[in-house]
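Here the structure comes first, spelled out in structure tokens, and everything after it is commentary.
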Amino acid sequence: MVWWALLCHPAWALCTALLAFVVRVQRRGPWDPRACSVHLRGKTAIVTGANTGIGKFIALDLARRGARVLLACRSEARGTAALNEIREKSGNADVHLRLVDLSSLDSVRAFAEGILAEEKALHILVNNAGVSGLPRQITKDGFETSFATNHLGPFLLTNLLLDLMKRSAPARIVTLSSVNHKKGRVDFSHFHGENLTYHMDTVYNHTKLHNVICTKELARRLEGTGVTANSVHPGIVMTEVLRHYPLIVRFIFNLVGFFFFKSSEEGAASSIYCAVAEEMEGITGKYCDSDCSLVLPAPLARDPALAVKDFEISERLTSKL
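So the mapping is simple: this note's numbering equals the position in the sequence shown, first residue as 1, plus 63.
Spelled out as structure tokens, the structure:
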């Protein structure tokens, strides 16, 4: 009874509210996109998965800076809604929707062909789109769907657009990974859906590790071209990435996340930092955390021999035979 009386005391409620306020204030990182004066007029950017969450706020920021922004989305309806919202909020009419399904290599190739035919330059590519918690599915290309969407699709897209970005240099490639890559493993049979355990974010973690590994190797291969490539952890963010998880998991995540996790807008900061900040000019092959600091990724992501092997296997799997 004493403990119950204590918990019901107004002072407890006040302290709880104060703690929640302090936590929410401290969620914002040290680098604020709104304080960055970089303009992007005359620049072209592509953001995948830009119809919702982090991707939408990245695209909105780039549009506010005056860039020509291409929203690469799978859903035409949701993409159109995001397009109208970004145009209205940014005052930039040079924002356009292009459809692509990253889980389909044919769709990625068709998207890239359209970009190469329509665009004279590409200065920023943000590989943002990703999925988590999907059940086991195999794409028509023979790949596990999460691996196709999170790694092989973006990998192919990036490589198909590299020549355009080289001609547009200086240019930047930003690939969203996750701190969860540190819990991932490298097993190339995973690409075909073999030897995988489908529990919570386990498969997602593996795909995010491949993101970091291949981005670092890509940066090595791009040395001297004027094109940089970095991977980034956006933080623990309240997005729709958990839409495939059980209802109880989503409920707990949202309840706790209200106080402790970042909003999609806050989570976009580290990606925007890598894409536009003057401090990142010429910086390549790095892993950026949610506070916009360059930190060491997992040991596996720092293995150069593994990076070459991963990159070459990804190239072979995505090549058009």
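The beta carbon of each residue, even a glycine, is placed where N, CA and C say it ideally should be.
Kindly indicate which three-state DSSP category residue i falls into: helix, strand or coil?
i      : result
Leu185 : coil
Tyr261 : coil
His102 : coil
His307 : Residue placement at His307 cannot be trusted, given a pLDDT of 49 that sits under 50; what the coordinates show is reported in the next sentence. Three-state DSSP puts His307 in coil, outside helix and strand.
Cys136 : strand
Leu357 : strand
Arg87  : Caution applies to Arg87, whose pLDDT of 47 falls short of 50 and renders its modelled position unreliable; the model cannot decide the point.
Ala130 : coil
Ala292 : strand
Asn268 : helix
Asn191 : coil
Glu280 : helix
Glu328 : helix
Asn114 : coil
In the DSSP assignment, find the beta strand (DSSP E) that holds residue i and state where it starts and stops.
i      : result
Ile236 : 234-239
Asn243 : That residue, Asn243, is in no beta strand (DSSP E); it is neither H nor E in DSSP.
Thr111 : 107-111
My assumption, with CB atoms under 8 Å, is that residue i sits in contact with residue j. Please give the rounded CB distance.
i      : j      : result
Ser278 : Ser294 : Correcting the residue type first, residue 278 is Thr in the shown sequence and not Ser. The Cβ separation is near 4 Å, so the contact holds.
Arg104 : Gly129 : 4 Å
His244 : Phe206 : That pair is no contact at about 19 Å.
Leu179 : Ser334 : That belief does not hold up - the Cβ atoms of Leu179 and Ser334 are roughly 24 Å apart, past 8 Å.
Ser166 : Thr202 : 5 Å
Ala135 : Val163 : 5 Å
Lys246 : Asn274 : Not confirmed; about 14 Å, so no contact.
Pro297 : Ser353 : 6 Å
Val101 : Glu341 : 6 Å
Thr381 : Leu197 : Not confirmed; about 20 Å, so no contact.
Val290 : Ala234 : 5 Å
Ala331 : Asp124 : 7 Å
Gly386 : Val171 : In the structure as shown, the chain starts at 64 and stops at 384, and residue 386 therefore has no counterpart that could be examined.
The alpha helix (DSSP H) that contains residue i, what's its start and end?
i      : result
Pro217 : 216-230
Between residue i and the ligand PLP, is the CB less than 6 Å from at least one heavy atom?
i      : result
Lys372 : Ligands displayed in this structure: none; no statement on the ligand PLP is therefore possible.
### Query
Does the region 334-354 touch the region 282-302, meaning 3 or more C-beta pairs lie closer than 8 Å?
Segments in contact, yes.
### Inside the region 332-384 only - alpha helix (DSSP H) runs reaching at least 4 residues
You should have 332-339, 367-381.
### Ordered list of beta strand (DSSP E) runs contained in the region 138-179, each at least 3 residues
Those beta strand (DSSP E) runs which fall completely within the region 138-179 and span 3+ residues are 158-162.
### Task
Examine the Cβ distances between the region 208-226 and the region 365-372 and report whether three or more of them are shorter than 8 Å.
Cβ pair count under 8 Å is below three, so no.
### Message
Whether or not the region 223-230 and the region 255-274 are in contact is what I'm after, with contact meaning three or more pairs of Cβ atoms, one per stretch, closer than 8 Å; do they touch?
### Response
Taking 8 Å as the limit for Cβ pairs, the verdict is that the region 223-230 does not touch the region 255-274.
### Task
Specify whether the region 357-366 and the region 141-160 touch according to this definition: at least 3 beta carbon pairs, one from each stretch, less than 8 Å apart.
Result no; under three Cβ-Cβ pairs closer than 8 Å.
### Message
Does the region 99-114 come into contact with the region 183-201, if we say contact requires no fewer than three beta-carbon pairs (one atom in each stretch) closer than 8 Å?
### Response
Segments in contact, yes.
### Task
May I ask you to verify whether the region 227-237 touches the region 167-186, counting CB pairs closer than 8 Å and requiring at least 3?
The region 227-237 makes contact with the region 167-186, as at least three CB pairs between them are under 8 Å.
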